[in-house]
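Letter 255 of the sequence shown, counting from 1, is numbered 700 in my numbering, and no numbers are missing.
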Amino acid sequence: MRIGHQCNSLPLAGRAGQLASFKANTLAAAWTGVQRQEAVCKRLDDNSIVQNNYCDPDSKPPENQRACNTEPCPPEWFIGDWLECSKTCDGGMRTRAVLCIRKIGPSEEETLDYSGCLTHRPIEIESCNNQSCPPQWVALDWSECTPKCGPGFKHRIVLCKSSDLSKTFPAAQCPEENKPPVRIRCSLGRCPPPRWVTGDWGQCSAQCGLGQQMRTVQCLSYTGQASSDCPETVRPPSMQQCESKCDSTPISNTEECKDVNKVAYCPLVLKFKFCSRAYFRQMCCKTCQGH
């Protein structure tokens with residue numbers, strides 16, 4: 446047997462000695478990793494790996510494994526998604542969750558104080574939507590209902606203002622389709638019916654004795670307008686009898702109290718109580734004396 450032929454052959458590595466090497470294989474989702482020991486079949490001359498059937502299977506050592514990287518994982522920042530901006534324009538704010546997290550097991554973790562993470566803490570709040578808002582309609586308070594009773598309307602002023610209300614723009618700069626109403630219907634209840642309104646009584650028509658006095662009587666609505674809807678059955682009188690106090694100054698002794706001869710109806714004057722009137726009292730002085 447030639448030595449050269451023997452060198453060119455592929456002897457079993459197990460016959461000359463089996464070599465083993467450690468090969469690390471760390472689990473990605475675990476707190477600690479695992480290293481596995483694998484047995485490989487190698488050539489004796491150049492130490493290259495060959496197929497396992499060139500080695501004696503009975504001499505193959507068992508495959509072992511051991512834990513690795515058993516030290517705790519360093520804390521790291523957990524950053525959540527940004528929440529919706531608080532405003533759609535004129536500058537709002539948005540926030541996100543920022544936590545200092547440390548893994549303590551394959552599927553378990555704990556939250557630490559912010560000081561537990563050594564790297565710079567990410568921001569949790571920032572401004573957003575800083576563009577100016579377009580002009581908007583601003584409605585002032587409603588007026589009182591007019592008229593004071595019955596169907597009427599309320600009115601208000603509507604302005605086109607800047608979003609911070611500091612400026613007033615022409616109405617054309619605000620969308621007409623979004624303009625709030627400036628007038629609405631209203632009612633403060635049923636109006637009171639028209640009523641008779643009387644004036645003060647006038648002066649008595651007689652300066653002495655019985656006479657008449659007048660006053661105005663009008664049918665007016667609640668607004669003071671003339672109306673014809675007042676019931677005639679309750680209309681107040683516009684005329685009444687009155688009596689003026691006669692002058693009781695005694696007749697002078699130089700003038701005789703007598704009835705005028707040509708007046709023959711003095712008894713009738715007395716009968717119908719006309720003596721209170723100055724004319725008849727003078728014409729029928731004697732008849733009316735004491736009455």
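C-beta atoms are modelled at their ideal positions from N, C-alpha and C, and glycine is treated no differently.
All of these numbers come straight from a predicted model, not from anything done at the bench.
Cutoff 6 Å; reference residue i; Cβ partners in own chain excluding five residues on either side
i    : result
K468 : Because K468 carries a pLDDT of 37, less than 50, the predicted location of this residue cannot be relied on, and the following value inherits that uncertainty. Cβ within range, chain order: E483.
S531 : G537 and M538
T732 : D704, C711 and L715
I549 : E555
I494 : V485 and K487
G597 : C590, T591 and C631
C729 : D704, C711 and V714
R511 : Q480
Residue interval of the beta strand (DSSP E) (run including residue i)
i    : result
T556 : E553 to L557
L713 : No beta strand (DSSP E) contains L713, which is instead part of the alpha helix (DSSP H) from C711 to K716.
S688 : Looking at the sequence shown, residue 688 is not Ser but Glu. From DSSP, the beta strand (DSSP E) with E688 extends over M684 to S689.
R547 : V543 to G550
K599 : P596 to H600
S632 : R628 to S632
T643 : R640 to T643
A512 : Q510 to C513
L489 : Element bounds for L489: n/a, residue is neither H nor E.
Residue i, enclosing alpha helix (DSSP H) - first and last residue
i    : result
K731 : C730 to C733
C664 : Looking at the DSSP string, C664 is not in any alpha helix (DSSP H); the run it does join, the beta strand (DSSP E), is V662 to L665.
Beta-carbon proximity list for residue i, same chain, < 8 Å, skipping 5 on both sides
i    : result
C649 : G656, Q657, Q658, C687, E688 and S689
I524 : R541, A542, V543 and P567
W587 : K599, H600, R601 and I629
Nonlocal neighbours in the same chain, by C-beta distance under 7 Å from residue i, ignoring five residues either side
i    : result
W582 : V603, C605, C619, N623, K624 and P625
C653 : S689, C691, D692, S721, R722 and A723
H736 : L715 and C720
N497 : C486
Whole-Å CB distance - residue i paired with residue j, under 8 Å assumed
i    : j    : result
C578 : S608 : 4 Å
C636 : G595 : 4 Å
R628 : G644 : Their Cβ separation, rounded to whole angstroms, is 39 Å, which puts R628 and G644 out of contact at 8 Å.
Three-state secondary structure (DSSP) of residue i
i    : result
C720 : coil
G561 : helix
T533 : coil
T668 : coil
*Counting only runs of 3+ residues fully inside the stretch 569 to 622, write out the beta strand (DSSP E) ranges in chain order.*
570 to 573, 581 to 584, 596 to 600 and 603 to 606
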